[in-house]
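Below you'll find the structure, written out as structure tokens, and then a few comments.
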Amino acid sequence: MTHRYALIAPLALLAALTACQTAAPADGPPMIGKATSPSPDTRAPAFVEAACGGCHAVEPPFLSPNPNAPSFAAIANRRGLSEKSLANWLAEAHNYPEQMDFTLTRPQIDQIARYMVTLRHAGYVPDE
Numbered sequence: 000m001t002h003r004y005a006l007i008a009p010l011a012l013l014a015a016l017t018a019c020q021t022a023a024p025a026d027g028p029p030m031i032g033k034a035t036s037p038s039p040d041t042r043a044p045a046f047v048e049a050a051c052g053g054c055h056a057v058e059p060p061f062l063s064p065n066p067n068a069p070s071f072a073a074i075a076n077r078r079g080l081s082e083k084s085l086a087n088w089l090a091e092a093h094n095y096p097e098q099m100d101f102t103l104t105r106p107q108i109d110q111i112a113r114y115m116v117t118l119r120h121a122g123y124v125p126d127e
């Protein structure tokens, strides 16, 4: 009987410690631009989840449904990416019939780019 309790106690402790763990953000350190009460530019526009969320993680915790599709945070933190270069890429990126077969208006493109740059890590430094 004593042996049974000797095995149960460590297992119970392990379960308790596992339950207390907190996960770090999937894409690195804390992000800048996240307001306490989100403004339209600091949360994903409603159409983005429908258009992009089937493959990309567009909001925290940034776990993409398609493991081959980078999260919006991972894209936003790529070296040399500016809001302008991102918007230009988005304007031309939708000629891949299987992956991104939809059309975005210029205001939607600009809104996505503004949102995505809010997902940059606090230490993000663009290339010179």
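Position 106, counted from 1, in the sequence shown is what numbering that gives the first Met the number 0 calls 105; the numbers after and before it change by one each time, with no gaps. Every residue, glycine too, gets a C-beta built ideally from N, C-alpha and C.
Would you kindly report the start and end of the unbroken alpha helix (DSSP H) that includes residue i?
i, result
"Ala-56", "Taken as a continuous stretch (DSSP letters only), Ala-56 belongs to no alpha helix (DSSP H), as it is neither H nor E."
"Leu-118", "Premise fails: Leu-118 is in no alpha helix (DSSP H) and is neither H nor E."
"Ala-90", "82-91"
"Ala-45", "45-51"
"Ala-73", "71-75"
Of the residues the options, which one's Cα is nearest the Cα of residue i?
i, options, result
"Ile-104", "Arg-113, Gly-122, Leu-89", "Correcting the residue identity first, residue 104 is Thr in this sequence and not Ile. Of Arg-113, Gly-122, Leu-89, the residue nearest in Cα terms is Leu-89."
"His-120", "Ala-92, Phe-101, Pro-106, Ala-72", "Ala-72"
Assuming the contact rule is C-beta atoms closer than 8 angstroms, residue i and residue j should be a hit. Round their C-beta distance to whole Å, please.
i, j, result
"Ala-43", "Tyr-114", "6 angstroms"
Cβ of residue i within 8 angstroms of Cβ of residue j?
i, j, result
"Pro-125", "Gly-53", "no"
"Leu-118", "Ala-75", "yes"
"Ser-81", "Ser-70", "no"
"Val-47", "Ile-111", "yes"
Problem set entry | Three-pair Cβ contact test at 8 angstroms for the segment 81-95 versus the segment 53-68 | no
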